[in-house]
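Quick notes on the structure that follows.
Residue numbers (the working numbering), protein chains in the order written: chain A, 8 to 460; chain B, 8 to 460.
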């Protein structure tokens with residue numbers, strides 16, 4: 008997309024909104040593509056956004072809001088009057104509705120639901136009940152099911168008659184049910200249209216694949232890896248079909264999780280941050296992680312205080328303390344990255360800790376020796392004392408081996424303890440490698456003190 | 008999946024392979040699901056893997072190999088005899104073929120291609136020519152096109168007659184062409200089957216959406232965001248349809264890129280690492296990044312050497328040097344994570360540096376003050392000198408503001424300079440924040456030295 012075009016569209020729109028020329032707003036937004044609208048939306052102030060969303064036709068506002076990140080969409084919806092919000096939310100498919108309403112305070116969500124069609128609101132309420140990472144929370148309730156006694160011709164007639172109503176539906180599959188929506192079979196749309204119109208669909212239907220409403224993301228991922236289908240019915244305890252889950256919903260839920268994991272590993276732990284959020288909220292969220300970290304950091308650095316005499320005697324060591332701890336941290340983070348990746352791919356499992364350690368320690372020994380020798384040489388040339396080189400080089404070599412062992416193993420152990428490895432691996436790793444690094448440099452120096460002075 | 012079942016399946020299979028009981032291997036692999044096969048494959052030694060892949064029916068081996076990560080799949084294929092490899096590769100769809108052959112040395116890829124059906128090999132050769140991140144490199148060449156003069160009934164007849172041949176095809180769309188495959192229109196399968204059998208498809212066809220063969224990932228992503236279709240034709244310079252690109256291929260190419268970015272930011276920079284790779288290769292790749300880092304680290308720490316006198320006079324400062332530099336690094340990394348995320352979402356652009364800086368400095372000022380006060384208090388209580396608390400607290404506050412400014416802005420600037428922000432942002436950030444942190448603590452201490460002793 009053209010950068011200058013967005014720049015211009017944002018400024019133009021902002022001007023129209025400020026001058027309250029709503030006809031121009033409507034005409035102008037009609038001329039933008041969906042994507043341009045999304046990018047324009049981000050540039051507007053919260054007030055301008057609100058005016059814009061109100062002025063769009065509800066179905067257009069719904070399309071726009073479905074495109075932006077979930078947390079952001081929830082914010083925009085929350086800022087509207089419940090009635091306006093309800094008219095927009097009504098235009099979304101049931102899974103999108105649940106997705107957004109789950110991100111809004113429950114009392115405000117109820118305000119919005121109370122302005123919606125009663126039946127639709129009840130469906131949304133039942134979807135919100137499910138956790139967002141199980142089949143029930145990811146499914147959509149729009150699907151096509153017909154009693155097994157229907158003829159092919161009746162189904163085709165219904166499909167063609169009501170094709171407009173079915174615009175939101177996933178029409179690749181048709182589900183065949185016993186009485187009361189008990190799932191009996193499945194038919195691909197193309198099988199239906201290519202069949203003899205007088206046959207009963209109950210006779211044509213194939214045994215259906217299905218998932219339970221409480222299947223979690225891992226199970227759903229494996230299911231869709233195993234079966235190459237684009238969507239699958241979700242059933243309740245009584246085998247009643249209650250929704251359809253799309254492969255694409257599972258994939259995007261997983262991608263979202265991987266992305267959040269990455270954010271978490273970098274210290275954005277309370278959910279997605281966008282710079283359009285308020286400064287205080289962003290500050291508070293970041294601080295909650297930083298304040299834990301500063302305590303860990305002070306703990307680690309207190310090791311240095313134990314060796315003040317050695318440090319005073321050989322002040323050059325102060326230069327090498329951060330080098331040893333930082334470099335070990337880097338090596339350990341590489342191991343964390345590989346372990347996180349292997350956990351995601353399902354190659355490594357919590358029970359593999361020993362195998363992972365063997366693999367890591369072999370790489371860590373080589374890299375520790377190489378990096379330790381480099382640092383030893385640099386220290387010798389710089390400070391002029393070969394023993395000082397020996398102390399810092401040896402410390403780095405040993406600490407690299409410690410770091411890769413911890414980096415490789417900790418994510419697996421945390422997973423076993425059901426603690427989120429994306430958040431906790433980094434701080435645990437750096438606290439331990441800092442402590443060990445300081446201890447090794449200063450401890451070895453204390454042992455060899457006569458040679459260093 | 009059941010952990011113990013994988014453990015068992017791997018051991019069982021390994022035993023069958025070692026005892027050369029290939030009938031048992033075949034019977035046993037038939038009993039495993041695809042997913043169990045993939046996980047089992049990772050546990051086997053390279054030799055056992057080779058035996059297993061050779062013993063599977065080619066179409067089953069192809070399915071298995073399509074499931075594992077690309078770089079790993081290429082390794083498995085490379086270890087086979089070209090003739091065996093060719094029989095497996097032939098069973099894959101054209102986009103998967105290109106995907107794997109692009110990851111193999113070109114001479115070995117040619118060996119494999121020379122054992123394949125000539126026409127198929129030529130198609131694969133032409134696909135490999137394209138970069139893997141443009142439409143030409145991601146498309147598949149299996150698609151359904153019919154001349155505009157065909158009747159609906161002829162198309163349906165061809166579809167039903169040859170449905171087995173079309174198993175690999177994406178049959179949601181049918182493309183209508185002029186002579187010589189010049190793209191004229193598109194029809195959804197359901198429109199075809201629900202139409203009057205005597206009509207000409209040329210009269211029914213709608214104006215097609217399409218992409219050019221050299222469209223890059225960003226453009227493809229925007230295209231599919233804009234148009235909710237599952238696949239789209241790819242055309243060459245003469246408007247001839249040369250393939251079809253699936254939305255899912257674009258999404259997984261992007262997910263793969265995001266994942267690689269994450270790996271890179273943690274120091275795995277030369278492509279995906281799996282612990283099944285050789286120790287020396289893993290060591291060499293990790294070292295290439297670490298050895299740059301150690302130089303940067305030594306540079307940063309050399310700032311400490313400039314202030315040896317101050318440090319000797321107030322040895323307690325040595326405890327706070329790593330705390331200030333680490334904590335600023337953490338704050339900076341949070342800003343990097345948000346900028347990388349906003350770059351991916353297309354919310355932030357290189358021209359937004361100033362806007363991003365304003366947003367970052369407002370959060371950074373608050374967090375700097377809070378963290379600085381905490382550290383000042385801790386230092387005062389611990390060391391007993393309020394001025395020492397003032398020095399380290401002020402240094403941390405200022406350095407936090409520097410860190411968020413750099414962390415927020417550097418990814419955007421690197422993007423503008425066309426340097427990969429995922430690799431370079433971290434090292435640049437930590438080198439600068441380390442240097443500034445050391446300089447601020449020791450510089451402020453030197454200024455206030457009489458109050459600290």
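Backbone N, C-alpha and C define an ideal beta-carbon position, used for all residues, glycine too.
- For residue 75(A), no beta strand (DSSP E) segment is defined, and its DSSP state is neither H nor E.
- Annotation: residue 32(B) is outside any beta strand (DSSP E); the continuous alpha helix (DSSP H) that includes it extends over 29-38.
- Listed in chain order, the alpha helix (DSSP H) elements of length 4 or more contained wholly in the region 372-460 of chain A are 393-423, 428-454 and 456-459.
- Rounded to whole angstroms, the gap between the alpha carbons of residue 295(B) and residue 391(B) is 45 Å.
- DSSP links residue 250(B) through a beta bridge to 241(B).
- Interface criterion met: the Cβ of residue 201(A) is under 8 Å from a Cβ in chain B.
- Those residues of the region 297-323 of chain A placed with their C-beta closer than 8 Å to a C-beta in chain B are 297, 298, 300, 301, 304, 305, 307, 308, 309, 311, 312, 315, 318, 319, 322 and 323, ordered along the chain.
- Taking a Cβ-Cβ cut-off of 8 Å, residue 56(A) has no neighbours in chain B, whose nearest Cβ is about 13 Å from it.
- In the displayed model, residue 24(B) falls within a helix according to three-state DSSP.
- Note that the region 140-158 of chain A touches the region 186-198 of chain A; at least 3 beta-carbon pairs, one per stretch, sit closer than 8 Å.
- According to the DSSP assignment, residue 89(B) belongs to no beta strand (DSSP E) but to the alpha helix (DSSP H) extending over 89-96.
- For residue 181(B), there is no enclosing alpha helix (DSSP H); the residue is found in the beta strand (DSSP E) stretching over 180-184.
- Rounded to whole angstroms, residue 423(A) and residue 359(B) show a C-alpha spacing of 42 Å.
- For residue 144(B), the three-state secondary structure derived from DSSP is helix.
- The CB of residue 360(A) never comes closer than 8 Å to any CB in chain B; the least such distance is about 12 Å.
- Between residue 251(B) and residue 212(B), the C-beta gap is not smaller than 8 Å, which leaves the two residues out of contact.
- Checking the DSSP bridge columns, you'll see residue 153(B) partnered with 183(B).
- The alpha carbon of residue 347(B) has as its nearest neighbour, out of 377(A), 320(A) and 269(A), the alpha carbon of 269(A).
- The Cβ of residue 273(A) sits closer than 8 Å to at least one Cβ of chain B.
- Nearest to residue 460(A) by C-alpha distance, out of 187(A), 60(A) and 316(A), is 316(A).
- By the Cβ-count criterion, residue 361(A) is exposed, with fewer than 16 other Cβ atoms from all chains shown falling within 10 Å of its own Cβ.
- Residue pairing by DSSP places residue 195(B) opposite 180(B) in a beta bridge.
- In the assembly as shown, residue 280(A) is a buried residue. Its beta-carbon has 16 or more other beta-carbons within 10 Å.
- Residue 331(B) places its beta carbon less than 8 Å from that of residue 448(B).
- Under the Cβ distance rule, residue 329(A) counts among the residues neighbouring chain B, one pair being separated by less than 8 Å.
- In the displayed model, residue 206(B) falls within coil according to three-state DSSP, outside both helix and strand.
- The Cβ atoms of residue 69(B) and residue 44(B) do not sit closer than 8 Å to each other.
- Contact check for residue 393(A) against residue 350(A) fails: the beta carbons are separated by 8 Å or more.
- Contact with chain B is found for residue 348(A), since one of that chain's Cβ atoms lies less than 8 Å from the residue's Cβ.
- Measuring C-alpha to C-alpha distances from residue 277(B) to each of 297(B), 261(B) and 367(B) identifies 297(B) as the nearest.
- Residue 249(B) and residue 117(B) have their C-alpha atoms spaced approximately 22 Å apart.
- For residue 425(A), no Cβ of chain B is located within less than 8 Å of the residue's own Cβ.
- Here DSSP, grouped into helix, strand and coil, assigns residue 60(A) to helix.
- No residue range can be given for residue 280(B), since it is assigned to no alpha helix (DSSP H) and is classified by DSSP as neither H nor E.
- Of all C-beta pairs linking the region 407-421 of chain A to the region 360-376 of chain A, three or more are shorter than 8 Å, placing the two stretches in contact.
- Non-local beta-carbon contacts of residue 86(B) in its own chain, meaning distances under 6 Å to residues more than five positions away in sequence, involve 57 in chain order.
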